[in-house]
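To start, the structure under review is shown below, and the notes come after it.
2 protein chains.
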Amino acid sequence: MKITDATQALAALAQETRLAIFRLLVEAGPEGMNAGAIAEAIGIPAATLSFHIAQLARAGLVTSRQESRFIFYSTNFTAMDDLIAFLTDNCCQGGQCLPKTQKVATTAKRRAGGAA
Amino acid sequence: MKITDATQALAALAQETRLAIFRLLVEAGPEGMNAGAIAEAIGIPAATLSFHIAQLARAGLVTSRQESRFIFYSTNFTAMDDLIAFLTDNCCQGGQCLPKTQKVATTAKRRAGGAA
DNA sequence: TTAATATTTCCATGATAATAGAAACATGAA
DNA sequence: TTCATGTTTCTATTATCATGGAAATATTAA
Chain A
3 MKITDATQAL
13 AALAQETRLA
23 IFRLLVEAGP
33 EGMNAGAIAE
43 AIGIPAATLS
53 FHIAQLARAG
63 LVTSRQESRF
73 IFYSTNFTAM
83 DDLIAFLTDN
93 CCQGGQCLPK
103 TQKVATTAKR
113 RAGGAA
Chain B
3 MKITDATQAL
13 AALAQETRLA
23 IFRLLVEAGP
33 EGMNAGAIAE
43 AIGIPAATLS
53 FHIAQLARAG
63 LVTSRQESRF
73 IFYSTNFTAM
83 DDLIAFLTDN
93 CCQGGQCLPK
103 TQKVATTAKR
113 RAGGAA
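Residue numbers (our numbering), protein chains in the order written: chain A, 3 to 118; chain B, 3 to 118.
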């Protein structure tokens, strides 16, 4: 992951409306939610949602799929995990904080059932 | 953690210069680095560093301490962990991704030596 | 106190972002 | 094709942020 990608992802999350959208979708899980439902849940006009979710998508944090008349958005959990790993990369030079060879345990690893 | 706090922390990180500073300090560990050394390592003027690191401090992501003529900055690892937890809170309604009662394992827990 | 070093504040400039109404566009049903 | 529904683009307004030189403000040593 390059720093520009991380910055874009963080910028996408660094705004209350978008952070609320993201957390809503994190909670919603892989199924996701359609645009109208998201807008209603957050309490914003469709145009505002469209503006913000486009940025989350451009940053790679959410993906979309068409389903009949609806467009469903869902979190890209891999991107979420990558971002977290980027933030904590080489923490304390890998010495004081973490066991030597262990990288940060992302939710991906935990989702897979391991105890990290 | 409130959403406004998380937004402030993310906004602080959502900028290349500040993200570079933060990662440098994450790598530096609890000792931290003094302002001049940080500015030199990143390659920015002192004024620019001061502007940016003040935002990281205001967001709670770094702390400072005076040491002789120098001011040392270091990562607030607890804040870092809290932010990550906030992003992944209640992921997939706690069902599909994570064991039911298990919250996100932050680096704090891992630092403590547990297997999360 | 004087001088040297370290850091921050002040300031002007240029650039980017948030909001939401209205209109356009896309999809599916009748 | 016609209509209803769902989503996006266009547009204007308002607000906020990044940068770095110069000056001001600590802090320490002599």
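Glycine included, each C-beta is placed from N, C-alpha and C at the ideal position.
Mind pulling the alpha helix (DSSP H) runs of 4 or more residues that sit fully within the stretch 13-42 of chain A? 18-30
When you compare the CB positions of Leu58/B and Ile40/B, do they come within less than 7 angstroms of one another, or not? no
Whether or not the stretch 7-21 of chain A and the stretch 10-17 of chain B are in contact is what I'm after, with contact meaning three or more pairs of Cβ atoms, one per stretch, closer than 8 angstroms; do they touch? yes
Since Thr90/B meets chain A, which of its residues come closer than 8 angstroms, beta carbon to beta carbon? Val28, Met82, Ile86, Thr109
Taking the beta carbon of Ile5/B as the centre, do at least 16 other beta carbons fall within 10 Å, making it buried, or is it exposed? exposed
Closest residue to Leu21/B among Val64/A, Asp7/A, Ala48/A, Ala43/A (Cα-Cα distance): Asp7/A
Straight-line CA distance for Phe53/A to Gly45/A? 14 angstroms
Between the alpha carbons of Pro47/A and Val28/B, how many angstroms are there, rounded? 39 angstroms
Does the beta-carbon distance from Ala61/A to Gln95/A come in below 7 angstroms? no
Counting only Cβ pairs nearer than 8 angstroms, list the residues of chain A close to Glu18/B. Ile5, Thr6, Thr9
Could you give the DSSP three-state label for Ser70/B: helix, strand or coil? coil
Pop quiz: Phe72/B and Asn36/B are said to be a contact at Cβ under 8 angstroms. What is the actual Cβ separation, rounded to whole angstroms? 4 angstroms
Contact with chain A by Gly31/B, beta-carbon distance below 7 angstroms: yes
If contacts are defined as beta-carbon pairs under 8 angstroms, then Met82/A and Leu89/B qualify, I think. What distance do you get, rounded to the angstrom? 7 angstroms
Less than 7 angstroms separating the beta-carbons of Ala43/A and Leu26/A? yes
Strand pairing of Ser76/B, partner residues [DSSP]: Thr65/B
Under 9 angstroms (Cβ pairs) to chain B, residues found in the stretch 56-75 of chain A: none
Buried or exposed: which applies to Ala56/A, given that a residue is buried once 16 or more other Cβ atoms fall within 10 Å of its Cβ? exposed
For Leu85/B, which residues from the same chain have a beta carbon less than 7 angstroms from its beta carbon, with the 5 sequence-adjacent residues on both sides left out? Ala8, Ala11
To the nearest angstrom, how far is the alpha carbon of Met3/A from that of Phe24/B? 16 angstroms
Assign Met3/B to one of three DSSP states: helix, strand, or coil. coil
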